[in-house]
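Asker: Let me begin by handing over the structure; questions about it come next.
Residue numbers (the UniProt record's numbering): 1 to 306.
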């Protein structure tokens, strides 16, 4: 499936482990080892097909994304089995930095080959991903999942709050710059609030002469006494219409008496109770979550201290 390795796994930064033996048995024909994809360019296309089998994307775009893997993160890890001359690609995972948490990594794109599922390779992939992160000095892994929260809970992950993954931004933007960008909105809000408080008790500014509106035009001249005396007075308003004599003398009609049959009927039943609120749950559990992804699909946030 892939070309022969030109050096041993230990020389290439790979981690070897057998599912039933220790890491010292790396020479076993069925050994399992994990390797960064940027150290195995011969596996770019097979790994792109593996990830695309779960999340559809063009092969060229997926290969381009895998080529961003580097030692300084994000880093794509591949799970391999067998000796160098006959190894198989079993799975893939991706690690990236977490903004504001220097000891945490975000793990995503965890996938096992469909032909190898149901054999415990998912657990092996996560264990080796955790081992790699721990060897690099990190102490927590964060992740999201739509429907595998019970699987991750079985591996020791617990529900948590959302974090911000740096993703591929760290390949061309330093982490310090991302931290400053994430802190700018809060700082700006504090500055604007402080400016409002400082300007609240100051007197209003007096407009300058240039900003005052022009004076209104003079009123028209009053008419002389002759014109006032010659004008007739305005007619008085018409009187209101007089009410009809008969309708004014009649008293208002009495209210209708209830029917004997309707008086015997029971009162109407009370209105039904209001429907239960369909608002999203505020507390995240393994069955319900208040969080949604960009498409509005429920998503679970979890982490594990390693």
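For glycine and all other residues, C-beta sits at the position ideal for the given N, C-alpha and C. Fair warning: this is a prediction, and the values are worked out from it, not measured in the lab.
#1: Assuming contact is defined by CB atoms lying nearer than 8 Å, are residue 121 and residue 91 in contact in what I supplied?
#2: Quick check on residue 303 - is its C-beta less than 8 Å from some C-beta in chain D?
#3: I need the boundaries of the alpha helix (DSSP H) containing residue 43, first residue and last residue.
#4: With three or more beta-carbon pairs closer than 8 Å as the criterion, would you say the region 69-82 touches the region 53-61?
#5: In terms of DSSP beta bridges, what is residue 300 paired with?
#6: Under the three-state reduction of DSSP, which class applies to residue 117: helix, strand or coil?
#7: Roughly how many angstroms lie between the CA atoms of residue 305 and residue 289, to the nearest whole one?
#8: Output the boundary residues of the beta strand (DSSP E) element that contains residue 35.
#9: May I ask which residues mark the beginning and end of the beta strand (DSSP E) holding residue 88?
#10: With distances taken Cα to Cα, identify the nearest neighbour of residue 68 among 84, 282, 163, 39.
#11: Could you check the C-alpha separation between residue 307 and residue 302 for me, to the nearest Å?
#12: Given a cut-off of 8 Å, decide if residue 164 and residue 300 are closer than it, judged by their beta-carbon atoms.
#13: Assign residue 283 to one of two classes, buried (16 or more other C-beta atoms within 10 Å of its C-beta) or exposed (fewer than that).
#14: Look up residue 108 in the DSSP assignment and say whether it is helix, strand or coil.
#15: Under DSSP, the beta strand (DSSP E) around residue 81 begins and ends at which residues?
#16: Taking the alpha-carbon positions, what's the residue 105 to residue 156 distance?
#17: For a test of the three-state rule: what should DSSP assign to residue 65, helix, strand or coil?
#18: DSSP three-state call for residue 139: helix, strand or coil?
#19: DSSP three-state label for residue 163, please.
#20: In whole angstroms, give me the CA-to-CA distance for residue 136 and residue 124.
#21: Can you name the residues that DSSP bridges to residue 310?
Answerer: So, from the data block:
#1: Indexing the chain shown from 1 puts residue 121 at position 121. Indexing the chain shown from 1 puts residue 91 at position 91. Cβ distance < 8 Å, so residue 121 and residue 91 count as in contact.
#2: Protein chains in the displayed structure number just one, and chain D is not present.
#3: As a position in the chain shown, residue 43 is number 43, starting the count at 1. Per DSSP, residue 43 lies in no alpha helix (DSSP H) and is assigned neither H nor E.
#4: no
#5: Taking the first residue of the chain shown as 1, we reach residue 300 at position 300. DSSP lists 145 as partners of residue 300.
#6: Numbered from 1 along the chain shown, position 117 holds the residue referred to as residue 117. Note: residue 117 maps to coil in three-state DSSP.
#7: Walking along the chain shown from the start, residue 305 turns up at place 305. Walking along the chain shown from the start, residue 289 turns up at place 289. When rounded, the distance between both Cα atoms is 21 Å.
#8: Residue mapping note: residue 35 aligns to position 35 of the chain shown, counting from 1. From DSSP, the beta strand (DSSP E) with residue 35 extends over 32-36.
#9: Position 88 of the chain shown, counted from the first residue, corresponds to residue 88. Start and end: 88-98.
#10: Counting from 1 along the chain shown, the entry for residue 68 is found at position 68. Comparing Cα positions, the closest option is 39.
#11: A question about residue 307 goes unanswered here, because the residues of the chain that appear run from 1 up to 306.
#12: Counting from 1 along the chain shown, the entry for residue 300 is found at position 300. Counting from 1 along the chain shown, the entry for residue 164 is found at position 164. It is not a contact, given that the beta carbons lie outside the stated cut-off.
#13: If you number the chain shown from 1, residue 283 lands on position 283. Answer is exposed; the Cβ neighbour count stays below 16.
#14: Along the chain shown, read from residue 1 onward, the residue named residue 108 stands at position 108. DSSP places residue 108 in strand when its eight states are reduced to three.
#15: Taking the first residue of the chain shown as 1, we reach residue 81 at position 81. Element bounds for residue 81: 75-81.
#16: Counting from 1 along the chain shown, the entry for residue 105 is found at position 105. Counting from 1 along the chain shown, the entry for residue 156 is found at position 156. Looking at the two C-alpha atoms, the distance is approximately 16 Å.
#17: Taking the first residue of the chain shown as 1, we reach residue 65 at position 65. Looking at residue 65 - three-state DSSP - the assignment turns out to be helix.
#18: Here residue 139 refers to the residue found at position 139 of the chain shown. The answer is coil: DSSP assigns residue 139 none of H, G, I, E or B.
#19: Locating residue 163 in the chain shown gives position 163, counting from the first residue. Coil.
#20: Start at 1 with the first residue of the chain shown, and residue 136 comes out as number 136. Start at 1 with the first residue of the chain shown, and residue 124 comes out as number 124. The alpha-carbon atoms of residue 136 and residue 124 are separated by roughly 18 Å.
#21: Nothing in the structure corresponds to residue 310, since the chain is present only between 1 and 306.
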